[in-house]
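Start counting the sequence shown at 4; every next residue gets the next number (the numbering used here).
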Amino acid sequence: MSKIRKEEIDQVIETIIDKNMIDIMSDRFGKYSKYIIQQRAIPDARDGLKPVQRRILFSMWNLKLKNNQPFKKSARIVGDVIGRYHPHGDSSIYEALVRMCQEWKSNYPLIQMHGNKGSIDDDPAAAMRYTESRLESISELLLQDLDRKVVSMIPNFDDTEYEPIVLPSLIPNLLINGAKGIAAGFATEIPPHNLNEVIDATIHLIKKPTSKEEELLNIVKGPDFPTGGLVHNLEGIQDAFLKGQGKIYISSKYKYIYDTKDESKIIGVEIYEIPFGVIKSKLVADIDTLIVNKTINGIKEIRDQTNREGISIYLEFNDDANVKAIMTYLLTKTDLRISYNYNMVAIDENAPKLMSLYMLINTYLNHLKDVNIKGIIYDLNKHQLRLEIVLGFIKVAEISDQVIKVIKDSDNSKKGVIEALEKTFGFSNLQATAIAELRLYKLSRMDQIEYINESKELEEKINYCNLLLNDSKEFDKFIILQLEEIKKKYGRPRLTVISEEEMKTEINTKLLAKNEDFYFFISQEGYFKRISQKAYSSNELNTYKLKDGDSLLYFDKVNSLSKLIFFTSLGNFFVLDAHNIKDSSWKDLGTHISNIVALENNEKIIRIIEASSFDSYVSILLVSKKGMAKRVAINEFDSKSIARKRRCIKLKKDDELLDAKITNKEKMLLVLITGGLYFLLKDHSDVPIYSLTASGIKLLYKLDKDQEVEGFVPIMYGNKVLMLTDKGQFKLTRCEEDWQFPSRMSRGKKFFDPLKSVKSKIVSMEIWTKELQHFYTNKNNELKQYELKNIELSKIGDPISRTRLQDPLNAGKIIQPLTINQLLIESEEERKAIRQNQNFDKTMSIEASLFRRHYIYDDDFYNEQIEEEKEQPEPIALFEETNDFILNEEKVLKTPNQNKATKESVSNKLKEMDKIDIDGLFNKINELKKK
4 MSKIRKEEID
14 QVIETIIDKN
24 MIDIMSDRFG
34 KYSKYIIQQR
44 AIPDARDGLK
54 PVQRRILFSM
64 WNLKLKNNQP
74 FKKSARIVGD
84 VIGRYHPHGD
94 SSIYEALVRM
104 CQEWKSNYPL
114 IQMHGNKGSI
124 DDDPAAAMRY
134 TESRLESISE
144 LLLQDLDRKV
154 VSMIPNFDDT
164 EYEPIVLPSL
174 IPNLLINGAK
184 GIAAGFATEI
194 PPHNLNEVID
204 ATIHLIKKPT
214 SKEEELLNIV
224 KGPDFPTGGL
234 VHNLEGIQDA
244 FLKGQGKIYI
254 SSKYKYIYDT
264 KDESKIIGVE
274 IYEIPFGVIK
284 SKLVADIDTL
294 IVNKTINGIK
304 EIRDQTNREG
314 ISIYLEFNDD
324 ANVKAIMTYL
334 LTKTDLRISY
344 NYNMVAIDEN
354 APKLMSLYML
364 INTYLNHLKD
374 VNIKGIIYDL
384 NKHQLRLEIV
394 LGFIKVAEIS
404 DQVIKVIKDS
414 DNSKKGVIEA
424 LEKTFGFSNL
434 QATAIAELRL
444 YKLSRMDQIE
454 YINESKELEE
464 KINYCNLLLN
474 DSKEFDKFII
484 LQLEEIKKKY
494 GRPRLTVISE
504 EEMKTEINTK
514 LLAKNEDFYF
524 FISQEGYFKR
534 ISQKAYSSNE
544 LNTYKLKDGD
554 SLLYFDKVNS
564 LSKLIFFTSL
574 GNFFVLDAHN
584 IKDSSWKDLG
594 THISNIVALE
604 NNEKIIRIIE
614 ASSFDSYVSI
624 LLVSKKGMAK
634 RVAINEFDSK
644 SIARKRRCIK
654 LKKDDELLDA
664 KITNKEKMLL
674 VLITGGLYFL
684 LKDHSDVPIY
694 SLTASGIKLL
704 YKLDKDQEVE
714 GFVPIMYGNK
724 VLMLTDKGQF
734 KLTRCEEDWQ
744 FPSRMSRGKK
754 FFDPLKSVKS
764 KIVSMEIWTK
774 ELQHFYTNKN
784 NELKQYELKN
794 IELSKIGDPI
804 SRTRLQDPLN
814 AGKIIQPLTI
824 NQLLIESEEE
834 RKAIRQNQNF
844 DKTMSIEASL
854 FRRHYIYDDD
864 FYNEQIEEEK
874 EQPEPIALFE
884 ETNDFILNEE
894 KVLKTPNQNK
904 ATKESVSNKL
914 KEMDKIDIDG
924 LFNKINELKK
934 K
C-alpha cells in the first residue's frame, strides 16, 4: 500500500465516531429540540415574541419604518431580515410578517400593511413584491427603548451585527395578542386578552405584591378575541388562569330577524361574530352542505353578506322551521361553536414553562421594571454628562477672552487645545472637548441664559432619576402612570362576552327532522333500505332486490320522527332515529346493518318495532328458545345512545332470543314448542318486569333437549293466531274459551299435528289482523306475496294445513308491523282506570288504552263484541260504590224502616239508570274507535 493511500485511510478513520447510535440520536435530537423550542416556536414570556417576529420588528425599526414614515416593500423587509438576522426561508418570514398585520388574528396588529394581506376566509396574502409595510404605532412601545441600551445584544448568525435577546416591551404583548406554536415535546396556545384588564391586573399586582392568584381572576375576566364571540365554561377559564391549562368553548354571536308583519315570527338569523380562528368560508360551506344533504330541515338558504363593515352570515328559514332547535344543532355540529384549549407555555429564564396568569403578568411586570430601571440609569448618565458640559459652557462665558487666548496660544491641534483648557482652567476632558468644538456665537448672552435654564432642568431630571432609583414607592407610581397612559391611548372595550349561562349541547333531533312518512325495508340477512312514498308507489314489490336466498323480515310505512328498535338473536337491541336513515334506490341491494352497528357473525335481526313515544305503560315481552322470559318496561329502550348495541336479556351460550312482542297486560300468553305442542298461560302478567340485563324467569320447566320454544303471542279470546313453518305451511286458529291451560310443569297440549312426511319448524307466529302480510322467495329468487286470506280457519289439535307454498327458496316471515304510539288520554278518569286495570267497559278499554294496539285485535271480532254489548250490555259502574244494594234478610225483618229506605234507594237508582242514553254511549265509543 502506498504511503499516500495509507494517509487517506488514517484521515477517514479519524473522522469515524465510535459511539452508540442511540446516544448520538438522543444527543443530537436534544440539541435540535432545544433550538426549535428556544429559537423557533415558543414565544418569550417577556415580550411575547418568537425570534422571527422579534427580528422582523427589529429590522423594520432599523429601516426607520415607524408609523409616521412611508411604507416600504415587504420584499425589502424580508430580504433585510434574511441577510442580517434570520437565515431561513423567505416564505416563513413573510408568513410571520403577514400574520402580525392581520387584525382578525391579533387584538393589536404590530405591522401595518398596504395591499392584500389575506382574509378571514383563509385567502392568501399577495406576494411580498406587491405589498408594502411599516410599523403600527403600538409597536413603538416594544422598540423605542432600544436606543437607551436597556436590553442585551448578541451577535447575529455571522457575527457581523448585533440583535436584541428580547425587545424592551412596555406592553403585555403575550397576553393581549396571544401566541400559538408547536415544538418538539412542547406546544403553546395562548389566546388574546383585553389590554385594559391586563393592565389593571398589573397595577393591582404593583399596589399589592402579595396578591393571591385568585384576585387576578376578578380583574381579568377571560380571553378577549379580536373576532368577539361568546365564551362558556368559567371553570375552564379558572383552570387556565391558575394552572396554565384549561378548556373553554367559543360560540358565535347571532341575532334573530323577525317578520315585519308578525314580530313574533322568526324568518332568519344573522351571524355577526364567529369563533376565533374559524375560517368563515369553510363554516358557510359546512352549513350549506348540511342543507344540501338534508341533514337538517328548515333552512332555505345561507348567504355570506360579509363586507368591510363586518361579518354577516344570513340564514333564511322556512315558515315551519324550529329556528332555536336548528341553531342549537348548528352550534353543536359546526364551527359556530368550537372548543379552545389554553396551554400557556412560554420561554422563561431560557426554558419553556407552563405558566399561570399570575406568572405571566409577574414576568411582564419584572421585565417592565427592569427596562425602566435600565432606562432611568441611562437617562441619569446622559443627563449628568450633559449637565457637566452645560456647566462648562456657562463657565466659558464668564472667561471667554482668556479661553480664546489660551486656544490661540495652544498647540495647533484639537488635542493640544483640549489639554490646554484642562490644564489652565481645570475643565474636565468632556468639558474641554465640548468647548473645543463650540462655535463662538454660542457664547452670546442669549445662549448663556439657555444654558443656565438647561442646567436647572437637568438638575431636576437628575434628582427625579435618583428619586426613582432610590424610592421604590415613587418608582411604582412611575410604572403605574406609564401603564395608565398606555391604557388611555390603546385600551378598548371588551369584544368577547364571558357567559355564565350553561351551554346548551343537547340536541333534540326530532325538532330538526322533516315530518314525513317513508317505507322502511329490512331483509332477513340484514340489508335495509329507506324508500320514499313516491318510489314505493311507482314500483312493484316483486321487483324488490334481494340477495340469493334472502327474504323480507319487515317493511312498513314509518314516520321520520319515530325511532326504530332493533332486536337481535343474541339478546341485544339498538335504536335508530328514523330521520337519520338515508334514502336508497329501489334497485339497490341496500345497506347492511353491520355498517351501522357491529353484529356478531351469528347474530341476526329478529324484530323491529317503531316507537313514536316511550311515554307509555306498555312493556316488551321477550322469550328465548330455551324458555326464558321476562317483560321490560318500554321506557328502558329509550336510549340516548343512538346506534349503540346494548343487552336486553341475558342468555346462556346455547340459547337465542326468539322474538320480542309488545304487551299491555293481556289476559293470556300462547306459547308453542317443538312437536306442535302449546302452553296457554292465564295471566302472562305473571311474567315479571325485569331490567335490561336480567335473564328473566324459566317459563317452561320440562323442555326436552331436542325441544325449544318456536313461537309465542299475547292473546285474548276471539283472537285468531296465524303461524308459518320453514316449509311454507300455515295454520290459522281462533282462540276459544274451551282451550285448555296446560301447567308450566307439564309437557304441553297438542296445538296441531305435524305432517310426518314433512319435517318443519315454526318460523313465524302472529295475531291475525288486516295489516298482516307475507312475502317469500321462490326458486328463481323472486320476491312473491302470498294472499293470507286464502288460508282456511282450523281448530286446535287439527293437522297442520296441507295448503302451503310451492317449493319456496325461503319461506320468509309473516310481517306484522308493531308500533308504539304516543299516549292517547281522553280524561284523567280513563288514565286512572287503566292504571288500576279496571275493565269498566270492554270496548272502551280497547280504544282508550294508553297504547293503541291495533294489531292485537281482529276487527271482525271487535265488531262482534260491539253488537253483543248493544244487545246485552254489561253493568257499568256509573255511581260510587255503596252497600245500599246488599240486602241482609235478618236486618230487613228486624228494621222495617231501614228496609223501606233501602227499597226507596234501589228504586231511585233504577230510575237514574233508565235515563242513561245507551245508544249515545255506543255512538261515542264508535267515534273513539274511528279516532
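Glycine included, C-beta positions come from ideal geometry on N, C-alpha and C.
In this text, all values refer to a predicted model and were calculated from it rather than measured experimentally.
Status (buried if at least 16 other CB within 10 Å, exposed otherwise) for residue i
i: arginine 634; result: buried
i: isoleucine 452; result: exposed
i: valine 281; result: buried
i: glutamate 164; result: exposed
i: phenylalanine 32; result: exposed
i: glutamine 732; result: buried
i: glutamate 276; result: buried
i: threonine 191; result: buried
i: isoleucine 794; result: buried
i: aspartate 618; result: exposed
i: phenylalanine 531; result: buried
Test item: CB-CB of residue i and residue j under 8 Å
i: glutamine 105; j: serine 136; result: no
i: lysine 653; j: alanine 581; result: no
i: lysine 152; j: tyrosine 493; result: no
i: isoleucine 609; j: proline 355; result: no
i: isoleucine 85; j: leucine 100; result: no
i: methionine 671; j: methionine 719; result: yes
i: threonine 594; j: serine 622; result: no
i: glycine 232; j: serine 254; result: yes
i: glycine 51; j: asparagine 176; result: yes
i: tryptophan 107; j: isoleucine 123; result: yes
Backbone CA spacing between residue i and residue j [nearest angstrom]
i: isoleucine 460; j: glycine 395; result: Note on residue identity: the sequence assigns glutamate, not isoleucine, to residue 460. If you take the alpha carbons of glutamate 460 and glycine 395, they lie about 16 Å apart.
i: glutamine 776; j: lysine 517; result: 28 Å
i: asparagine 296; j: isoleucine 274; result: 22 Å
i: proline 226; j: aspartate 83; result: 35 Å
i: aspartate 162; j: tyrosine 332; result: 59 Å
i: cysteine 651; j: aspartate 658; result: 14 Å
i: glycine 714; j: phenylalanine 521; result: 30 Å
i: glutamate 935; j: lysine 336; result: Nothing can be reported for residue 935, as the shown portion of the chain is limited to 4 through 934.
i: leucine 390; j: serine 502; result: 58 Å
i: serine 413; j: isoleucine 421; result: 9 Å
i: glutamate 877; j: methionine 506; result: Residue placement at glutamate 877 cannot be trusted, given a pLDDT of 44 that sits under 50; what the coordinates show is reported in the next sentence. Spanning the two alpha carbons is a distance of roughly 58 Å.
i: isoleucine 656; j: lysine 629; result: According to the sequence provided, residue 656 is lysine. The question's isoleucine does not apply to it. If you take the alpha carbons of lysine 656 and lysine 629, they lie about 11 Å apart.
i: serine 722; j: lysine 705; result: Checking the displayed sequence, the identity of residue 722 turns out to be asparagine instead of serine. In a straight line, the C-alpha of asparagine 722 is about 27 Å away from that of lysine 705.
i: leucine 556; j: lysine 607; result: 11 Å
i: serine 642; j: valine 712; result: 29 Å
i: alanine 186; j: arginine 132; result: 30 Å
i: valine 2; j: lysine 730; result: As displayed, the chain neither begins before 4 nor continues past 934, which places residue 2 out of reach and without an answer.
i: leucine 470; j: leucine 484; result: 16 Å
i: tyrosine 343; j: asparagine 180; result: 16 Å
i: arginine 49; j: lysine 480; result: 21 Å
i: cysteine 3; j: tyrosine 252; result: The first residue shown for the chain is 4 and the last is 934, placing residue 3 beyond what the model contains.
i: tyrosine 681; j: lysine 752; result: 5 Å
In DSSP terms, what residue i is bridged to
i: alanine 204; result: None, per the DSSP bridge assignment.
i: leucine 821; result: Ile612
i: lysine 356; result: Ala349
i: arginine 340; result: Ser254
i: leucine 196; result: Note that residue 196 is histidine in the sequence shown, not leucine. Note: histidine 196 sits in a beta bridge opposite Pro226.
i: serine 267; result: Answer is none; serine 267 lacks a bridge partner.
i: glutamine 732; result: Arg807
i: aspartate 520; result: Asn562
i: tyrosine 261; result: Ile269
Contained beta strand (DSSP E) runs [length at least 3] in the segment 419-465, N- to C-terminal order:
none
Please specify which runs of the alpha helix (DSSP H), each continuous and at least 4 residues long, are wholly inside the segment 76-160, giving them in chain order.
77-87, 93-102, 143-146
Considering only residues of the segment 617-680, which uninterrupted beta strand (DSSP E) runs meet the minimum length of 3 residues and lie entirely inside it, listed in chain order?
622-627, 631-636, 660-666, 671-676
Secondary structure, beta strand (DSSP E): runs of 3+ residues fully inside the segment 741-823:
765-770, 776-780, 786-788, 813-818, 821-823
Scan the segment 564-597 and note each continuous alpha helix (DSSP H) run of 4 residues or more that stays entirely inside, going in chain order.
none
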